[in-house]
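Q: Here it is: the structure, laid out below.
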Amino acid sequence: CAILIIAAGTGEFEAGISKDGQTREHALLAYTLGVKQLIVAINKMDTTKWSEDRYQEIIKETSNFIKKVGYNPKHVPFVPISGFNGDNMIEVSTNCPWYKGWEKETKSKATGKTLLEAIDAIDPPSRPTDKPLRLPLQDVYKIGGIGTVPVGRVETGIIKAGMVVTFAPAGVTTEVKSVEMHHEQLAEGVPGDNVGFNVKNVSVKEIRRGNVAGDSKNDPPKGAESFNAQSSSSTTPVRSVPVTHQSSIATLPTLLASSLSFL
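Positions 1 to 263 (UniProt numbering) are the ones given, in order, by the sequence shown.
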């Protein structure tokens with residue numbers, strides 16, 4: 001979940017939601033990074049003298065642009081707060097008697113008034129432990145006395161000591177000796193865990209950032225000649241014109257099939 005902090009002050013809110021404003025950018029970044037739950041905290045309400053009209057204006061404008069990004073405003077709690085004074089952060093403020101609270105229309109309908117209550121109402125993420133292991137590597141380290149330790153976030157499946165894993169597209173297969181998170185040994189790593197795992201008889205030159213680890217006995221990952229992807233750009237590319245997509249691990253020739261303006 002992400003908390004989008006919006007300044008209610010005159011001029012501040014308008015600057016944030018302008019074409020190149022940070023509020024728009026942060027909402028888009030959150031969505032494109034896979035954050036599907038959002039809380040909007042409308043801060044500095046004390047500078048507007050807790051104006052209900054200003055609050056409703058901000059809700060209307062914010063709802064319009066987060067809907068374009070991909071969020072459903074009915075699933076998003078909007079909380080008027082004053083971070084400086086602590087209003088509606090943990091306890092309900094007496095400065096806005098017009099405020100009836102927030103409502104979130106999801107599978108488990110939730111209501112409340114404070115930011116803390118909105119945080120407590122976040123739906124727990126699903127952990128797809130039943131799917132084949134997919135663990136993209138963030139980096140690979142050589143640690144004295146231990147050996148080669150790849151690190152990354154478990155996306156699906158589980159990883160544990162004794163498992164035989166395959167790295168794609170490197171084509172390297174090896175056994176996992178141990179799994180750790182925050183310097184503590186784990187019985188198994190599950191989706192959402194950022195882990196480091198020691199592997200047998202593999203040098204740091206054989207695998208690298210961007211490789212994907214999977215269970216060699218359960219649908220191991222394989223390289224692909226092409227794939228479909230969604231990406232976000234600050235400019236509007238022309239459809240069907242070849243472009244190049246560059247990331248920290250690869251440079252790929254790309255053909256734009258269609259475009260959609262979020263903002």
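All residues carry an ideal CB built from backbone N, CA and C; glycine is no exception.
Just to confirm, are Thr48 and Ala8 a CB contact at a threshold of 8 Å?
A: In contact: Thr48 and Ala8 (Cβ atoms closer than 8 Å).
Q: Apart from the five residues on each side of it in sequence, which residues of its chain come closer than 8 Å, Cβ to Cβ, to Asp46?
A: If we look at Asp46 and ignore the five residues flanking it on each side, its Cβ neighbours are Ser82, Phe84, Asn85, Asp87 and Asn95.
Q: List the endpoints of the continuous beta strand (DSSP E) containing Thr166.
A: Element bounds for Thr166: Val164 to Ala168.
Q: So Ile146 and Gln37 are supposed to be a Cβ contact under 8 Å. How far apart are they, rounded?
A: Not confirmed; about 37 Å, so no contact.
Q: Can you have a look at Leu33 and say buried or exposed, based on whether 16 or more other CB atoms are within 10 angstroms of its CB?
A: Burial call: exposed.
Q: Beta-carbon within less than 7 Å of Ile59's beta-carbon, same chain only, minus the 5 sequence neighbours each way: which residues are those?
A: Excluding sequence neighbours, Ile59 sits near Phe78.
Q: DSSP three-state call for Leu175: helix, strand or coil?
A: Here the sequence assigns Glu to residue 175, which means Leu is not the residue at that position. Glu175 falls in the strand class under three-state DSSP.
Q: Pro136 CB to nearest chain C CB: under 8 Å?
A: Absent here is chain C; the protein component of the structure consists of one chain.
Q: Using alpha carbons as the reference points, say which of Ile6, Val190, Ser93 and Gln185 lies closest to Ala41.
A: Comparing Cα-Cα distances from Ala41 to each of Ile6, Val190, Ser93 and Gln185, the minimum goes to Ile6.
Q: Among residues of its own chain, excluding the 5 on either side of Lys177, which ones have a beta-carbon nearer than 7 Å to its beta-carbon?
A: Same-chain partners within the cutoff: Ala161, Asn198, Val199 and Lys200.
Q: Whether or not the stretch 132-140 and the stretch 212-221 are in contact is what I'm after, with contact meaning three or more pairs of Cβ atoms, one per stretch, closer than 8 Å; do they touch?
A: Enough Cβ pairs lie closer than 8 Å, so yes.
Q: Tell me the DSSP secondary structure of Met89 in three-state form.
A: Coil at Met89, not helix or strand.
Q: So, with DSSP's three-state summary, where would you put Gly139?
A: First, the amino acid is wrong: residue 139 is Asp here, not Gly. Looking at Asp139 - three-state DSSP - the assignment turns out to be strand.
Q: My output table needs one value for Val79: the three-state DSSP class, helix, strand or coil.
A: Correct three-state label for Val79: strand.
Q: Applying the 10 Å Cβ sphere with the 16-neighbour rule, what's the burial state of Pro150?
A: So Pro150 ends up on the buried side.
Q: Quick one: Cα of Leu4 to Cα of Lys217, how far?
A: Roughly 42 Å separates the two Cα atoms.
Q: Report buried or exposed for Pro242, applying the criterion of at least 16 other Cβ atoms within 10 angstroms of its Cβ.
A: Answer is exposed; the Cβ neighbour count stays below 16.
Q: Short check: CB of Glu180 to CB of Val195, under 8 Å?
A: In this structure, Val195 lies closer than 8 Å to Glu180 by Cβ.
Q: Taking the straight line between their C-alpha atoms, what separation do you get for Pro97 and Asn64?
A: Near 26 Å, if we compare the C-alpha coordinates of Asn64 and Pro97.
Q: On a CA-only basis, which of Ser203, Glu188, Ile207 and Thr156 is nearest Pro169? Give me that one, please.
A: Of the candidates Ser203, Glu188, Ile207 and Thr156, the one whose C-alpha sits nearest the C-alpha of Pro169 is Ile207.
Q: Are the beta-carbon atoms belonging to Glu225 and Pro191 less than 8 Å from one another?
A: No; because the gap between Cβ atoms is not below 8 Å, this pair is not in contact.
Q: Output the distance between the C-alpha atoms of Phe167 and Pro221, rounded to the nearest integer angstrom.
A: Cα to Cα, the separation comes out at about 7 Å.
Q: Report the partner residues of Met181 according to the DSSP bridge assignment.
A: Met181 pairs with Glu184.
Q: Secondary structure at Asn211, three-state DSSP: helix, strand or coil?
A: In the structure shown, Asn211 sits in coil (DSSP, three-state: anything other than H, G, I, E or B).
Q: What are the uninterrupted segments assigned as beta strand (DSSP E) that are 3 or more residues long and contained completely in the UniProt domain "Tr-type G" (1-129), given in chain order?
A: The qualifying runs are 2-7, 38-43, 78-80, 102-104 and 110-112.
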